[in-house]
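Here is the structure we will look at, set down as structure tokens.
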Ligand code: RTP
Ligand code: MG
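Residue numbers (full-length UniProt numbering): 1 to 138.
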């Protein structure tokens, strides 16, 4: 099992000024930052990142939203990183997210849900490689 996952703080959260609070929450939960960048995706880049969801009805909306403002991308390290991070962020729909999770605290809707977390070790590696070169990670 890999000990790394990949996250993005999404445009709704950076727009609201929640970036610092969310990063603090993540670090306090025991995750170490191995790479990080503040950037803005073009629609084309967001479309590529979420290509796996291409056939889903929300794909167009998702691509538009994810390219609507700055994001913070990061590679995180912790034992059992992928599963523990998914637990920390909570359910996709913040209305169904457990108390104390990042989405419960900072997200407004299923479409604008504050953070991304990789869903498998394989995708964590693919998503980390999408944003970071070897020179940009520790
Ligand atoms: P993420 O990939 O962002 O960590 O979220 P997730 O695994 O919890 O959810 P996923 O099924 O991978 O969906 C990716 C993102 O698409 C948006 N979405 N919108 N309008 C809708 O019904 C809907 N469903 C999903 C969300 O922003 C979700 O995080
Ligand atoms: Mg997902």
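By construction, the Cβ of each residue, glycine as well, lies at the ideal position given by its N, Cα and C atoms.
Counted within 10 angstroms of its Cβ, other Cβ atoms place residue i as buried (16 or more) or exposed
{"i": "residue 10", "result": "buried"}
{"i": "residue 58", "result": "exposed"}
{"i": "residue 53", "result": "exposed"}
{"i": "residue 135", "result": "exposed"}
{"i": "residue 82", "result": "buried"}
{"i": "residue 56", "result": "exposed"}
{"i": "residue 31", "result": "buried"}
{"i": "residue 100", "result": "exposed"}
Residues near residue i by beta carbon distance below 7 Å, same chain, minus five either side
{"i": "residue 46", "result": "63, 66 and 67"}
{"i": "residue 38", "result": "70 and 72"}
{"i": "residue 29", "result": "88"}
{"i": "residue 110", "result": "92 and 93"}
From the options, residue whose alpha carbon lies closest to that of residue i
{"i": "residue 49", "options": "31, 20, 136 and 131", "result": "131"}
{"i": "residue 102", "options": "95, 114 and 96", "result": "114"}
{"i": "residue 108", "options": "125, 33, 15 and 28", "result": "15"}
{"i": "residue 90", "options": "25, 2 and 33", "result": "25"}
{"i": "residue 12", "options": "70, 60, 3 and 122", "result": "70"}
{"i": "residue 119", "options": "42, 84, 110 and 78", "result": "84"}
{"i": "residue 112", "options": "88, 95 and 125", "result": "95"}
{"i": "residue 87", "options": "110, 137, 116 and 20", "result": "116"}
{"i": "residue 2", "options": "126, 80 and 40", "result": "80"}
Proximity test, residue i beta-carbon vs the ligand RTP heavy atom, cut-off 8 Å
{"i": "residue 5", "result": "no"}
{"i": "residue 13", "result": "no"}
{"i": "residue 65", "result": "yes"}
{"i": "residue 50", "result": "yes"}
{"i": "residue 53", "result": "yes"}
{"i": "residue 98", "result": "no"}
Check: residue i C-beta below 8 Å from any heavy atom of the ligand MG
{"i": "residue 84", "result": "no"}
{"i": "residue 121", "result": "no"}
{"i": "residue 117", "result": "yes"}
Nonlocal neighbours in the same chain, by C-beta distance under 6 Å from residue i, ignoring five residues either side
{"i": "residue 128", "result": "6 and 75"}
{"i": "residue 36", "result": "74"}
{"i": "residue 33", "result": "74"}
Same chain only: Cβ atoms within 8 Å of residue i, ignoring 5 sequence neighbours per side
{"i": "residue 18", "result": "9, 106 and 114"}
{"i": "residue 44", "result": "none"}
Along the chain, which unbroken stretches of the beta strand (DSSP E) at least 3 residues long are found entirely within the UniProt domain "Nucleoside diphosphate kinase-like" (2–136)? Note on the UniProt domain "Nucleoside diphosphate kinase-like" (2–136): whole beta strand (DSSP E) runs with a minimum of 3 residues are 4–9, 32–39, 71–77 and 115–117, in chain order.
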